[in-house]
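Protein chains in written order, with the numbering used here: chain A, 1 to 322; chain B, 323 to 536.
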């Protein structure tokens, strides 16, 4: 091949990898000797390797390492006790994948008592700077009670009971009654086949006098993929076995109002009430997760994750509720 | 597994009193509660790098590495001695990443408002030159088919031999070579404008220098 015809990058890359047969390779080399553009292309290919090799290899961030240690500690716990124990919010999607809702009590009996050992690497609660500049310790409601153990049999049988009873309730309606908006459409949204809603029957109570929307304090460590949804079992729920919801302190209430105004502007309505507010963690740091309806019928919610200063710690996103 | 220049073999022998990864894994299977943590401690940075490069997103990478380590913890007894523990771990991590990418690619495309909201509400990160290059490379990698990306991450970015990459991905070496070649051919036009800047980057990257000088 000579003149203005050139070999394409793929052929040149294959030459460099020694993938061409002897005759073809000889022909391409011959061409390269006299063709500057192809020589240039070959250099570009070599540069790709160098650019890739030069990419810095960052160490695993401490937060991720801790998260993994925690997950493995939970795994070790399971192994020690020889049973399935879920101390973190479980992946209901996966767990329930094989459990048709029609089958009552599809899961084996499991230990319900909380783990014997408190986790040593519990995050130390940080102080919050109050309005007057003094530092108040971050409120830890229910800190004295042990960390919530997500007891599956309870949730599973509850979910089964709803189906058996034929109540036909949807999480949406329950959420709506909790948020007190009264504007819930009485239409059940199409339910996904494996709808994970362990807390379906737990009506969400308003957190306190000043918060007329559900506020939870799950201490759950949210990850970005969890926040992609479905969220109904997390943000909308205080979780099975917790019974009551937390109260929102003034800072959270103010922040909800602020975010709510922002969402309202986006939707062109007056500040909407959140569907759920949960005080927990995001990637290991204390954070408050808020969900607002974007479009009830499309099952779309806005998700905001903010820190103590009401600053976004994760880009606001649209997620699925169920 | 032939580990690249900046990797643990030396450190491994120095740190563990003759505890190889295989020993540790055996002890883990036998019920030693600390053995697996040691394996994680030894390899987590490498696994993180592989996952981050393959997925191009720290949140996704964190989830993938966590899934992979938990999975390795559970199925340790399915490890067969003929492969190196590192190869086995890499395989689990890479597969966790590929699973995630496949699942992601069938997800509906994110709401355009999402992007708009993200741009408005997130502070713009401070762009240093290195970060810029790094982000451009990540973005370019995302344009490649997953198999080509995985091969390039292992061979060109992590510096593994073609043979090691073939073992991790469980394909013949020729397949690795051809995936790398095709991937590089696709990246070359996208990254060609980075060539001059890469000269700068190379100076600041010890790993790049090491790999370049053998």
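Every residue gets a Cβ at the ideal spot worked out from N, C-alpha and C, and that includes glycine. This structure is a prediction, so every number in the text was calculated from the model and none was measured.
State the CB to CB distance for the pair residue 318 of chain A and residue 255 of chain A, rounded to an integer number of angstroms; the pair is presumed to be in contact (CB under 8 Å). Actually they are not in contact, since the Cβ atoms of residue 318 of chain A and residue 255 of chain A sit about 20 Å apart, beyond 8 Å.
In chain B, what lies closer than 8 Å to residue 290 of chain A by C-beta? The premise fails here: residue 290 of chain A is roughly 13 Å from chain B at the closest Cβ pair, so nothing lies under 8 Å.
Alpha-carbon spacing of residue 31 of chain A relative to residue 503 of chain B, whole angstroms: 19 Å
For residue 42 of chain A, collect the residues of the same chain with a Cβ closer than 6 Å to its Cβ; drop the 5 residues on either side in sequence, then sort them by chain order. 12
Taking DSSP as the reference, what is the three-state secondary structure of residue 480 of chain B? coil
For a quick check, are the C-beta atoms of residue 509 of chain B and residue 289 of chain A less than 7 Å apart? no
C-alpha distance - residue 354 of chain B paired with residue 400 of chain B, whole-angstrom precision: 17 Å
Nearest residue (CA-CA) to residue 395 of chain B, options B:372, B:500, B:384, B:352: B:352
With residue 473 of chain B as the anchor, note down where its alpha helix (DSSP H) starts and where it stops. 468–474
Terminal residues of the beta strand (DSSP E) in which residue 280 of chain A lies: 276–282
Taking the straight line between their C-alpha atoms, what separation do you get for residue 61 of chain A and residue 481 of chain B? 22 Å
Would you call the segment 489–504 of chain B and the segment 470–478 of chain B in contact, with 3 or more CB pairs under 8 Å? yes
Below 8 Å on the Cβ atoms is my guess for residue 231 of chain A versus residue 321 of chain A; work out the distance and round it to an integer in Å. 6 Å
Okay, do the segment 412–419 of chain B and the segment 456–466 of chain B touch, 3+ Cβ pairs below 8 Å being the bar? no
Over what stretch of residues does the alpha helix (DSSP H) that includes residue 395 of chain B continue unbroken? 380–396
Taking residue 232 of chain A as the query, report the chain B residues whose CB atoms sit under 9 Å from its CB, ordered along the chain. Correct list: empty, because the minimum Cβ distance to chain B is about 18 Å.
Thinking C-beta only, is residue 284 of chain A closer than 7 Å to residue 63 of chain A? yes
Compute the distance between the beta-carbons of residue 68 of chain A and residue 391 of chain B, then report whether it is under 7 Å. yes
Check residue 455 of chain B in the structure and name its three-state DSSP category. helix
Contact list for residue 382 of chain B against chain A, beta-carbon separation under 9 Å: 224, 225
Could you check which residue in B:398, B:468, B:409 has the C-alpha nearest to that of residue 421 of chain B? B:468
For a test of the three-state rule: what should DSSP assign to residue 328 of chain A, helix, strand or coil? There is no way to answer for residue 328 of chain A, as the model of chain A reaches only from 1 to 322.
Taking 7 Å as the cut-off, decide whether the C-beta atoms of residue 71 of chain A and residue 388 of chain B are in contact. yes
Starting from residue 314 of chain A and walking both ways along the beta strand (DSSP E), at which residues does that stretch end? 312–320
In chain order, what residues of the same chain lie with their CB nearer than 7 Å to the CB of residue 224 of chain A, ignoring the 5 residues before and after it? 314
Under 7 Å between C-beta atoms, does residue 388 of chain B make it to chain A? yes
Apply the 10 Å Cβ neighbour rule to residue 54 of chain A and answer buried if 16 or more other Cβ atoms are within range, or exposed otherwise. buried
Tell me, to the nearest whole angstrom, how far the beta carbon of residue 270 of chain A is from that of residue 276 of chain A; I am working on the premise that it is less than 8 Å. About 19 Å; that fails the 8 Å criterion.
Residues of chain A with a CB under 9 Å from the CB of residue 292 of chain B: which are they? Summary: the structure shown does not reach residue 292 of chain B, with chain B confined to residues 323 through 536, and so no result is reported for it.
So with Cβ pairs under 7 Å, would you call residue 6 of chain A a contact of chain B? no
Spatially closest choice to residue 282 of chain A from A:304, A:274, A:76, A:299, by CA coordinates: A:304
Return the CA-CA distance between residue 74 of chain A and residue 235 of chain A, expressed in angstroms with no decimal places. 22 Å
Suppose the cutoff is 6 Å on Cβ atoms and the five residues either side in sequence are ignored; what does the same chain contact list for residue 522 of chain B look like? Its pLDDT being 46, under 50, residue 522 of chain B is placed unreliably in this model, and the coordinates cannot settle the point.
Hey, how far is the Cα of residue 233 of chain A from the Cα of residue 262 of chain A? 25 Å
Does the beta carbon of residue 355 of chain B sit closer than 7 Å to a beta carbon anywhere in chain D? This model lacks chain D altogether; the protein chains it does include are A and B.
Pick out whichever of A:59, A:57, A:286 has its Cα sitting closest to the Cα of residue 218 of chain A. A:286
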